Amino acid sequence: MVMQALALAKRPHIIVGTPGRLVDHLENTKGFNLRAVKYLVMDEADRILNMDFEVELDKILKVVPKERTTFLYSATMTKKVAKLERASLQNPVRIEVSSKYQTVDKLKQYYLFIPHKYKEAYLVYVLNEMSGQTSIVFCSTCSTSLKIAIMLRQLGFGAVPLHGQMSQNKRLASLNKFKSKTRPILVCTDVASRGLDIPHVDNVLNYDVPTQSKDYVHRVGRTARAGRSGVAVTFVTQYDVELYQRIENLIGKKLPLFETMENDVMLIVERVEEAQKAAKQIIRDRFIDKYIAAIRTSQIMRYAVQLRSDIKMNCLIFSGTKGNGRNEK
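In terms of numbering that gives the first Met the number 0, the sequence shown opens at residue 0 and continues consecutively.
Structure, rendered in structure tokens:
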């Protein structure tokens with residue numbers, strides 16, 4: 000925050016930031032304002048609004064000049080985006096690149112229909128088949144992405160997690176390890192489906208089927224970029240059939256089955272289950288360590304507050320006054 004404030008003091012021509020951080024600087028950085036803004040660009044507006052940044056955007060729109068040029072970009076036209084359009088644009092010119100969701104021709108897409116109880120074993124099998132290549136594994140929750148990443152590391156894979164509950168520094172560290180191919184497997188949530196600069200990804204594995212069909216297009220769009228080829232495999236269990244059918248309806252095609260050797264998968268089930276147990280124990284231990292640290296911090300804070308209270312009380316006792324108004328020595 001301090002380094003950013005110093006950079007803003009130099010009056011840069013272009014500022015790129017999140018709505019939340021921009022509002023932080025507007026409220027806390029002395030001398031910073033947006034009164035001279037000529038161009039306002041809101042990229043991925045649908046994602047910003049889905050993350051509940053309406054209040055921050057409203058604050059920004061109130062302080063930028065009315066006479067300005069505004070660009071609003073969105074992959075989907077939701078009710079929230081339409082509301083933002085009305086609030087921020089005057090007589091806008093709308094440009095629609097494509098209203099149909101399509102995937103590129105060089106992307107090979109498959110599905111894998113599997114029993115839910117063997118889902119992790121099939122993931123390990125597929126990653127073994129894709130050994131030596133870079134892969135992004137998409138999960139539906141932060142906890143699942145962490146658990147899968149640790150499980151894969153227990154099995155000897157170079158995997159790193161990336162999800163919304165990680166600090167910015169940890170996210171960047173994971174991303175840099177993946178981009179440098181130090182860790183060829185990135186296990187993440189949809190936080191990585193859009194907006195990240197990842198130049199070359201060989202495979203995308205949808206470990207969890209996305210609940211929003213449009214997110215499928217964004218996920219698989221991480222591979223087969225800039226004319227390269229790529230592979231996308233979606234893991235479909237008995238509980239995901241309806242979600243998967245919605246995806247096929249959206250993209251307008253039936254996907255082929257990804258070929259696997261069931262006997263080979265069954266051979267690794269026991270080892271994968273052991274790695275799962277180890278991953279759960281590691282996560283549990285981390286939680287306990289954080290909990291103990293929090294308790295200790297809380298105890299120290301309570302002790303400090305009590306000590307401060309005792310010092311104040313002692314000061315009052317030693318500086319107490321009698322009825323004659325003289326200080327007691």
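Yeah, the Cβ is synthetic: ideal placement off N, Cα and C, and Gly gets one too. What you are looking at is a predicted structure, and each value in this text was computed from that prediction instead of being measured.
*Pull up the DSSP beta-bridge partners for residue 225, would you.*
As a working mapping, residue 225 is identified with position 226 in the sequence shown. Paired residue(s): none; residue 225 is not in a bridge.
*For residue 108, does the count of other Cβ atoms within 10 angstroms reach 16, so buried, or fall short, so exposed?*
Along the sequence shown, read from residue 1 onward, the residue named residue 108 stands at position 109. With 16 or more Cβ atoms within 10 Å of its Cβ, residue 108 is classed as buried.
_Nearest by alpha-carbon distance to residue 220: which of 198, 284, 257 is it?_
Residue numbering aside, residue 220 sits at position 221 when the sequence shown is read from its first letter. For residue 220, the nearest C-alpha among the options comes from 198.
*Where does residue 75 sit, in a helix, a strand or coil, going by DSSP?*
The residue labelled residue 75 in the question sits at position 76 within the sequence shown. DSSP places residue 75 in coil when its eight states are reduced to three.
*Please classify residue 95: is it buried, with 16 or more other beta-carbons within 10 angstroms of its beta-carbon, or exposed?*
Reading the sequence shown from its first residue, position 96 is the one you call residue 95. The residue is exposed, with fewer than 16 neighbouring Cβ atoms inside 10 Å.
*Tell me, to the nearest whole angstrom, how far the beta carbon of residue 235 is from that of residue 208; I am working on the premise that it is less than 8 Å.*
Here residue 235 refers to the residue found at position 236 when the sequence shown is read from its first residue. Here residue 208 refers to the residue found at position 209 when the sequence shown is read from its first residue. Between residue 208 and residue 235 the Cβ distance is about 6 Å, and since that is below 8 Å, they are a contact.
*Does the segment 252-262 come close enough to the segment 139-149 that 3 or more CB-CB pairs lie under 8 Å?*
Segments in contact, no.
*Below 8 Å on the Cβ atoms is my guess for residue 156 versus residue 113; work out the distance and round it to an integer in Å.*
Taking the sequence shown and counting its residues from 1, the one referred to as residue 156 is at position 157. Taking the sequence shown and counting its residues from 1, the one referred to as residue 113 is at position 114. Not quite, the Cβ-Cβ distance comes to about 19 Å (not below 8 Å), so this is no contact.
*What separation, rounded to the nearest whole angstrom, lies between the Cα atoms of residue 210 and residue 1?*
Numbered from 1 along the sequence shown, position 211 holds the residue referred to as residue 210. Numbered from 1 along the sequence shown, position 2 holds the residue referred to as residue 1. If you take the alpha carbons of residue 210 and residue 1, they lie about 39 Å apart.
_DSSP three-state assignment for residue 15, whether helix, strand or coil_ = Position 16 of the sequence shown, counted from the first residue, corresponds to residue 15. Three-state result, residue 15: coil.
*Thinking just about the alpha-carbon of each residue, which of 292, 281, 268, 286 is nearest to the one in residue 122?*
In the sequence shown, residue 122 corresponds to position 123, counting from 1. Among 292, 281, 268, 286, the Cα nearest to that of residue 122 is on 268.
_As a quick exercise: from 286, 266, 217, 262, pick the residue whose alpha carbon is nearest that of residue 102._
Reading the sequence shown from its first residue, position 103 is the one you call residue 102. For the set 286, 266, 217, 262, the Cα lying nearest the Cα of residue 102 is the one of 217.
*asked:* Taking the alpha helix (DSSP H) that residue 6 belongs to, which residues open and close that run?
replied: In the sequence shown, counting from the first residue as 1, residue 6 sits at position 7. Residues 1-8.
*Determine the direct distance from the alpha carbon of residue 152 to that of residue 280, and round the result to whole angstroms.*
As a working mapping, residue 280 is identified with position 281 in the sequence shown. As a working mapping, residue 152 is identified with position 153 in the sequence shown. Residue 280 and residue 152: Cα-Cα distance of roughly 14 Å.
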